[in-house]
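Participant:
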Amino acid sequence: MKTINITVNNRDYKVEKGQTIMQALDGLGFKIPRLCYHPKLSIEGACRVCIVEVEGMRNFVASCSHPVEEGMDIKTNTGDLRQARRDIVELILDNHPEDCHTCERDGICELQRLAYAMGIRKRHFEGEKKHYEKDLSSPAVIRDPDKCILCGRCVRMCEEVQKVNALRYAHRGFNTVVMPAYNMPFSESVCTSCGQCINVCPTASFVEKNYTQELFEKLNDDKLVKVVQVAPSVRAAIGEAFGFPPGKAMEGEMAAALRRLGFDHVFDTQFAADLTIMEEANEFLERVQGKGKLPMITSCSSAWMKCLEQFYPDLIENVSTCKSPMSMMGSMLKTYFADKQGLSPENIFSVAVMCCTAKKYEAQRPELRVEGMDPTDLVVTTREVAWMIKSSGIDFYNIKPEQFDAPLGVSSGAGAIFGVTGGVMEAAIRTAYELYTGETLLDIELKDIRGFKSVKEGSITMDGKEIRVAVAHGLGNAAELLDIVRKDPDRYHFIEIMGCPGGCIGGGGQPYAGSNSIPLDEDVLKKRAEALYGLDRNRTIRRSHENRDVQRLYKEFLGRPLGSAAHKYLHTHYAPKEPRGIIPELSKSR
Amino acid sequence: MTKVKDERSERLRQYMDECREKEHSESQLIAILHKAQEIYGYLPREVMDEIAHYMNIPTAHIWGVATFYHYFNLEPVGKYIVSVCMGTACYVKGAGKVLETLKKELGVEVGQTTEDKMFTLQEARCLGACGLAPVIMVNEKIHGDLDAERTAELIKEYRNRGG
Amino acid sequence: MAEKYKRDDVVAARVITLCDGPGCMHKGSKELLSALKDGFREKGLSYRDVKVNLSGCLGMCARGPVMIVNPGYTIYGNVGKADLEEILEEHIIKGKPVARLVIEENHLYNKFFRVFGDVGFFGKQMRIALRNCGIIDPESIDDYLALRGYEALARVLSSMSPEEVVEEVKRSGLRGRGGAGFPTGLKWDFTRKAAGEKKYVICNADEGDPGAFMDRSAIEGDPHTVLEGIIIGGYAVGASRGIIYIRAEYPLAIRRLEKAIKDAREHGIIGENILGSDFSFDVEIKLGAGAFVCGEETALIHSIEGSRGMPRPRPPFPSVSGLFGEPTLINNVETWANIPVIIMDGADWFSSVGTEKSKGTKVFAVAGKVRNTGLVEVPMGTTLREIIFDIGGGIPEDKKFKAVQTGGPSGGCLPEEYLDTPIDYESLARAGSIMGSGGMIVIDEDSCMVGIARFFLEFTQNESCGKCTPCREGTKRMLEILTRITEGRGMEGDIEKLERLGKTIKKASLCGLGQSAPNPVLSTIKNFREEYEEHIKEKKCRSGECRNLLEYYITEDCVGCTACKKVCPAGAVTGSPRERHAIDIEKCIKCGQCLAACKFNAVKTA
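Chains as they are written, first to last, in the working numbering: chain A, 174 to 763; chain B, 549 to 711; chain C, 973 to 1578.
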């Protein structure tokens, strides 16, 4: 790598050629203030907060977009610059509601942090503020244009990473607003409810639909039996909301805290993940044997399901009919569990704590109902539950770990890795291999399909038959993979798709980035993934079909995988839905 | 999706067919919107949907483009589009008064259409007829050397011509 | 030197050129055209003997309909249908101009169109970019060919390497006429040297400065010159496709361009193996849709790509990564129109015109409070005074000159002491304005400078794309401050706030639009600070333009007719019939209706 010489604030440094000024300065221990910049997104250069002075240039230079050049003389902190940066941030504040103390992101807002750091103690330019109606139509994602500072991170996330293209800038100038087409209600747009816009939003312009108040009310309702399930990825990330470093798996703390919150039964979605694998692995083997379409595509991710129905109606038959673990768990709660406990299902209040906003949407899908009941009555995200724990005066930091409840609380290691990209596939193969060959797969860690590569491929030989698999995380990568599938339908047998970058660990409901981090920081994602792989490694049972409680469930209630009871409670169907989505980059290959 | 195709949508289809043949076909969007507006007088939502699916361009993108450029009408416009030139020469020579008169005479704000669907009032960037300042353009026709009185007369004339 | 632009052959023929720009059309040139037909029939003239051309806007809108009649190249103004008989009989048949219709000898237009013989001598004007406008039939490629049209292209293709062409343009000293004045040859060189599979050449005809219409005139009057420049540019940088991005609001210019492209294609001037060479090149037209910011290079590229016209940070510059990510050369209309002349007459000749750092000529659209409004093309180095007073004829009604605004919304307002500033990029910048694309608005004592600044800022604020914070939010706040000043609600410290915001917006905005948006405000603060202070401290507008700062009163001339009392919406007028009325200043909302209603001139303002 070639190095060049630059001067920063009158000191000489050597830096790598080909970087932007910001990258070079980051490497030298500076951290120029920034707002619209995100390393995973294209360079926008819009906020102008990251400006620096470069000798010989008439104007300030946006460090996020300008390359470093040999001999560059950079100043990062002159009086003029400080005033300009300060004024720019004030200009943003001037057009932003000043309701910080009642705002959902109070204390964890990038704009607030920035305003403090820029030293805005006095206001100079206040004037008219924009005002638009909040869009409350979606069960998952709330859009509040008043809080939008037009950094465009959500637009780029939705366009470049997710390729859903639900959001764009509309109108222009001072009247610019980020919105779906025709300013239609979010619920009627192509939005998949993945919630990545929430993750990258520096303010509270996008937030999840908050159900904490409703949940508190239910928790105080003595007539109800309050049952909760927790998704794998929640335990891998919730610690961050309490100041723990990323990557600490907090399974037992989670169970203990949920009990303190007032839940009567604390179950684990990972149990349902094992159940899912029983169904999905068997379904896959049926398809391999000619009953059904290949490649089979997984169906656990609710954002991906909505995406499928709107963007890929032609692939509906390829998708597994299995409900997601959350909905399987909900179905079992209101039938098997109710039965076992002698409870009337109407008295069970079924809550899911999810790393995901789209699960709020999933919970409302009528297709998932069981005997007329919604499997899941209410979904809260990791963020919401963390707030509830804080709000209830529970000492999460020091709480003693406890076990999940039986019978739906014990899981295999395979269930844990469901939360990370490649995990469902890995779990399914661990079981499918044994079901197909009758032998136990010894080398159960499938390294090829781990990690954060956009599209991962692998293969395994079962009784001489090569099974080719592929994994994509994030809907944009999924688009890439599905494009291959459309062109070459025989290339793969089994495909895993998760709607969010990194899988559920990067879900739209996970804790906001802390002050030394950025949203969807890949290092943070890696640590969360490691937490789940650690849980897997520490389990004695690492294959779903070895889960005794799952076995008992089949024996007592479901019969056999794919049997009629299983079909009734654990499977669903999909249908094309409007509005139809478009992925323009892929049009040419069709 | 078996909508009866009328003559207008057929014309737009034909135009889009030509566009699809071109390299970087998505770059033809603005030309297509021009065509659609020429055919329909404005950009109806169903037409933008149709363009989206036929050209494989996200609807939100089309909406973003249509709202960015002032030339595109998102609602039906009146029979006469009255554009007031807001160029400097016109400003210096009293375009503000002309605009005020028009607002008063028509009873609408800039960007709005009269209830009888006769007039739509717009502001225009310099129309390049500075020698005649202040000017307005009614559909394609330029009217210059206006003051409040003459503006009011002009509107009367058009109104008398009827719809 | 002068010989180059003598047009004796043209001037001898019998030609009637009728202006069909929007101004003249409004004043009846369409009717004239059909009346001509009848006139021809009556006089037994045929179109073979007498050619009739439509010229596109000649920039003489105030005197329209304008007609230029050869022989003699006589310019008639305010021509009516009734005058046609006489023109045909006396001028066309007998060869004697009709004196009463001739636009007077000293008039701007006469100087403008008769300048061909005077180049390099005493004429204040000189036409390079607009050399054929009003002379040839813009819809006739033969007319263009007859005046050395496509000679430059032929020379380039037959005897010059692309490098030599770039070198020639570099040596000419030509700088971008769109505003910033970047050396054109250098831009060509960058694009030529950039690596790319496919390169593009773009003509920026998204003219949008309020009060500037030279590009439209150039295209309407002589589309082939622009086209020839583009093709030469394509050859020089190694592009295979040219795109003309033009405002949809210019239907005539678009039509003329389409015709020119079609004719050129039929003549083998556009398409495969141009003029038998190895060079292939095609040109297409793309329409803008009403966004001023699309004049900015990267916004323009986004617009051609079918997106919102929002600029992106540079580098990379379009010459490296432009349209569809390929190296792209963008010049504006006037720049392109200079190219054929540079090739035909050489860089040495071209660079002999103008000043040390600004070569050639510049077209200005002179408008506002000046007797002769219209287009002028003058050698660089001509002073503002020469344009406004010698060519433009000074201020009408002998009012006092107050300022001249150059460079449109990106430029500044220069007061009297700058009138002797020679026009070139550096001098104008030093004076606190810019060359810009060539708008020149003359302002007299009747205009309020705060109001002018507000006008321009409102324009940029309206046209801001909304992408970057300083421009989107900052111009809004500046506009709010200016509005309150003009409405009498200005506060102590407002001027300083304007300066502070202006500085931040200038230095921190993403693109040229934002970086120059504060200029009209900052330059008026610099040159007319006392007017701002009067507004704020004394609540007074010396021009009387800021209505909210006026105080209405009724003089002794009042006869007590009660007209003012009846119209006052605020009930501020008191008085009995047949007695002098009075206005209650506290109640008065300064709407001015009493003044308009008074038939006795008794309502006054101070």
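Glycine is no exception: its CB is placed at the ideal position from the N, C-alpha and C atoms.
#1: With 8 Å as the threshold, decide whether the Cβ of ILE371 (chain A) is near any Cβ in chain B.
#2: Could you check how far apart the C-beta atoms of PHE667 (chain B) and ALA1261 (chain C) are, in whole angstroms? I think they sit under 8 Å.
#3: Evaluate the contact criterion for the region 1391–1407 of chain C versus the region 1434–1449 of chain C: three or more CB pairs, one atom per stretch, below 8 Å.
#4: At a CB-CB cut-off below 8 Å, which residues of chain B make contact with ASN571 (chain A)?
#5: Any C-beta of chain B within less than 7 Å: which residues of the region 1324–1354 of chain C qualify?
#6: With a CB to CB cut of under 6 Å and the five nearest residues on each side skipped, what residues in its chain are close to PRO1381 (chain C)?
#7: What is the DSSP secondary structure of THR193 (chain A), reduced to helix, strand or coil?
#8: Indicate whether ALA605 (chain A) and GLY368 (chain A) have their beta-carbon atoms separated by less than 8 Å.
#9: How big is the Cα-Cα spacing for ALA696 (chain B) and GLU705 (chain B)?
#10: Going straight from the alpha carbon of ALA1263 (chain C) to that of ARG1228 (chain C), what length do you get?
#11: Helix, strand or coil for LYS638 (chain A) per DSSP?
#12: Counting along the chain, where does the beta strand (DSSP E) carrying MET1412 (chain C) start and finish?
#13: If distances are taken between C-alpha atoms only, which option among C:LEU1060, C:MET1032, C:GLY1044, C:GLY1067 comes closest to ASN1050 (chain C)?
#14: Report the residue ranges of all alpha helix (DSSP H) runs contained in full by the region 1111–1159 of chain C; include only those spanning at least 4 residues, in chain order.
#15: Counting C-beta neighbours from all protein chains within 10 Å, is the total for GLN537 (chain A) 16 or more, i.e. buried, or is it exposed?
#16: For PHE1572 (chain C), which of helix, strand or coil comes out of DSSP?
#17: On the criterion of 16 or more Cβ atoms from any shown chain inside 10 Å, does THR249 (chain A) qualify as buried, or is it exposed?
#18: Just to confirm the assignment: which complete alpha helix (DSSP H) runs, minimum length 4, are found wholly within the region 1464–1520 of chain C?
#19: Roughly how many angstroms separate the alpha carbons of CYS1266 (chain C) and ASP1178 (chain C), rounded to a whole number?
#20: How would you write the range of the alpha helix (DSSP H) that MET451 (chain A) sits in, first residue to last?
#21: Hey, could you find the ends of the alpha helix (DSSP H) PRO1223 (chain C) is sitting in?
#22: Are the C-beta of ALA197 (chain A) and some C-beta of chain C separated by less than 8 Å?
#23: For GLU301 (chain A) and ASN268 (chain A), what's the separation of their Cα atoms in angstroms?
#24: Starting from PRO1134 (chain C), find everything on chain B with Cβ-Cβ shorter than 9 Å and list it in chain order.
#25: Near GLU332 (chain A), which residues of its chain fall below 8 Å by C-beta distance, leaving aside the five closest residues on each side in sequence?
#26: Give the straight-line distance between the Cα atoms of ASP1250 (chain C) and GLU1058 (chain C), rounded to the nearest whole angstrom.
#27: In whole angstroms, give me the CA-to-CA distance for ASP1529 (chain C) and VAL1414 (chain C).
#28: Tell me which residue opens and which closes the beta strand (DSSP E) that VAL341 (chain A) is part of.
#29: Could you check whether the Cβ of THR1270 (chain C) sits closer than 8 Å to any Cβ belonging to chain E?
#30: Return the CA-CA distance between GLU1369 (chain C) and ALA643 (chain B), expressed in angstroms with no decimal places.
#31: For ARG1188 (chain C) and GLU242 (chain A), I'd like the C-alpha separation in whole angstroms.
#32: On the criterion of 16 or more Cβ atoms from any shown chain inside 10 Å, does GLY1095 (chain C) qualify as buried, or is it exposed?
#33: Would ASN520 (chain A) count as contacting chain B if we go by Cβ distances under 8 Å?
#34: Compute the Euclidean distance between the alpha carbons of VAL1091 (chain C) and GLU594 (chain B), then round it to the nearest angstrom.
#35: How should THR442 (chain A) be labelled, buried or exposed, when 16 other C-beta atoms within 10 angstroms of its C-beta is the threshold for buried?
#36: Curious, which full-length beta strand (DSSP E) runs of at least 3 residues does the region 573–656 of chain B contain?
Facilitator: Result, derived from the coordinates:
#1: One-based indexing of the first sequence puts residue 371 (chain A) at position 198. For ILE371 (chain A), the answer is no, since every Cβ of chain B falls outside 8 Å of its Cβ.
#2: As a working mapping, residue 667 (chain B) is identified with position 119 in the second sequence. As a working mapping, residue 1261 (chain C) is identified with position 289 in the third sequence. At roughly 22 Å, the Cβ-Cβ gap does not stay under 8 Å, so PHE667 (chain B) and ALA1261 (chain C) are not in contact.
#3: Counting Cβ pairs under 8 Å, fewer than three are found: no touch.
#4: In the first sequence, counting from the first residue as 1, residue 571 (chain A) sits at position 398. Listed along chain B, no residue sits closer than 8 Å to ASN571 (chain A) by beta-carbon distance, the nearest being about 47 Å off.
#5: Those residues of the region 1324–1354 of chain C that come within reach of chain B (Cβ to Cβ, closer than 7 Å) are ALA1337, ALA1339, GLY1340, LYS1341, THR1345, GLY1346.
#6: Residue numbering aside, residue 1381 (chain C) sits at position 409 when the third sequence is read from its first letter. Excluding positions up to five away in sequence, the list reads PHE1428, PHE1431, THR1432.
#7: Taking the first sequence and counting its residues from 1, one reaches residue 193 (chain A) at position 20. Here THR193 (chain A) sits in strand by DSSP.
#8: Taking the first residue of the first sequence as position 1, residue 605 (chain A) is located at position 432. Taking the first residue of the first sequence as position 1, residue 368 (chain A) is located at position 195. No. Outside cutoff.
#9: Against the second sequence, residue 696 (chain B) aligns to sequence position 148. Against the second sequence, residue 705 (chain B) aligns to sequence position 157. Rounded to whole angstroms, ALA696 (chain B) to GLU705 (chain B) spans 14 Å at the Cα level.
#10: The count along the third sequence starts at 1 and reaches residue 1263 (chain C) at position 291. The count along the third sequence starts at 1 and reaches residue 1228 (chain C) at position 256. Near 22 Å, if we compare the C-alpha coordinates of ARG1228 (chain C) and ALA1263 (chain C).
#11: On the first sequence, position 465 is the one that residue 638 (chain A) refers to. Under the three-state reduction of DSSP output, LYS638 (chain A) falls in the strand class.
#12: Start at 1 with the first residue of the third sequence, and residue 1412 (chain C) comes out as number 440. For MET1412 (chain C), the enclosing beta strand (DSSP E) starts and ends at 1411–1416.
#13: Translated into the one-based positions of the third sequence, residue 1050 (chain C) becomes position 78. It is C:MET1032.
#14: The qualifying runs are 1113–1118, 1123–1131, 1134–1144.
#15: Position 364 of the first sequence, counting from 1, holds the residue named residue 537 (chain A). The residue is exposed, with fewer than 16 neighbouring Cβ atoms inside 10 Å.
#16: Walking along the third sequence from the start, residue 1572 (chain C) turns up at place 600. DSSP, reduced to helix, strand and coil, places PHE1572 (chain C) outside both helices and strands of the structure shown, so it counts as coil.
#17: What you label residue 249 (chain A) is simply residue 76 of the first sequence in a count that begins at 1. Counting the other Cβ atoms within 10 Å of the Cβ of THR249 (chain A) gives 16 or more, which makes it buried.
#18: 1466–1480, 1484–1488, 1491–1505, all fully within the region 1464–1520 of chain C.
#19: Residue mapping note: residue 1266 (chain C) aligns to position 294 of the third sequence, counting from 1. Residue mapping note: residue 1178 (chain C) aligns to position 206 of the third sequence, counting from 1. Between the C-alpha atoms of CYS1266 (chain C) and ASP1178 (chain C) there is a straight-line separation of about 7 Å.
#20: In the first sequence, the residue the question calls residue 451 (chain A) occupies position 278. Its alpha helix (DSSP H) spans residues 442–461.
#21: Within the third sequence, numbered from 1, the residue matching residue 1223 (chain C) stands at position 251. Here the alpha helix (DSSP H) through PRO1223 (chain C) covers 1223–1238.
#22: On the first sequence, residue 197 (chain A) is found 24 positions in, with the first residue counted as 1. Cβ-Cβ to chain C under 8 Å: no for ALA197 (chain A).
#23: For the purposes of this step, residue 301 (chain A) is identified with residue 128 of the first sequence, where counting begins at 1. For the purposes of this step, residue 268 (chain A) is identified with residue 95 of the first sequence, where counting begins at 1. Using only the alpha carbons, I get a separation of about 7 Å.
#24: Counting from 1 along the third sequence, the entry for residue 1134 (chain C) is found at position 162. The premise fails here: PRO1134 (chain C) is roughly 24 Å from chain B at the closest Cβ pair, so nothing lies under 9 Å.
#25: Here residue 332 (chain A) is taken as the residue at index 159 of the first sequence, counted from 1. Closer than 8 Å at Cβ, skipping near neighbours: ASN338, LEU340, ARG341.
#26: Stepping through the third sequence from its first residue, residue 1250 (chain C) is reached at position 278. Stepping through the third sequence from its first residue, residue 1058 (chain C) is reached at position 86. When rounded, the distance between both Cα atoms is 54 Å.
#27: By 1-based counting over the third sequence, the position of residue 1529 (chain C) is 557. By 1-based counting over the third sequence, the position of residue 1414 (chain C) is 442. Distance between ASP1529 (chain C) and VAL1414 (chain C), taken at the CA atoms: about 36 Å.
#28: Position 168 of the first sequence, counted from the first residue, corresponds to residue 341 (chain A). Here residue 341 (chain A) is Arg; the residue named in the question, Val, does not match the sequence. For ARG341 (chain A), the uninterrupted beta strand (DSSP E) segment begins and ends at 341–343.
#29: Here chain E cannot be found, since the structure's protein chains are A, B and C.
#30: Locating residue 1369 (chain C) in the third sequence gives position 397, where the first residue counts as 1. Locating residue 643 (chain B) in the second sequence gives position 95, where the first residue counts as 1. GLU1369 (chain C) and ALA643 (chain B): Cα-Cα distance of roughly 20 Å.
#31: Translated into positions along the third sequence, residue 1188 (chain C) becomes position 216. Translated into positions along the first sequence, residue 242 (chain A) becomes position 69. Whole-angstrom Cα-Cα distance: 41 Å.
#32: Position 123 of the third sequence, counted from the first residue, corresponds to residue 1095 (chain C). Note that GLY1095 (chain C) scores a pLDDT of 47, beneath 50, so its modelled location is shaky; the value from the coordinates is reported in the next line. Around the CB of GLY1095 (chain C), 16 or more other CB atoms lie within 10 Å, so the residue is classed as buried.
#33: As a position in the first sequence, residue 520 (chain A) is number 347, starting the count at 1. Chain B, which has no Cβ nearer than 8 Å to the Cβ of ASN520 (chain A), makes this no.
#34: As a position in the third sequence, residue 1091 (chain C) is number 119, starting the count at 1. As a position in the second sequence, residue 594 (chain B) is number 46, starting the count at 1. Unreliable placement is indicated for VAL1091 (chain C), whose pLDDT of 31 sits below 50; the coordinate value is still reported in the next sentence. Rounded to the nearest angstrom, the two C-alpha atoms are 59 Å apart.
#35: Walking along the first sequence from the start, residue 442 (chain A) turns up at place 269. THR442 (chain A) is buried by the Cβ-count criterion.
#36: Those beta strand (DSSP E) runs which fall completely within the region 573–656 of chain B and span 3+ residues are 628–633.
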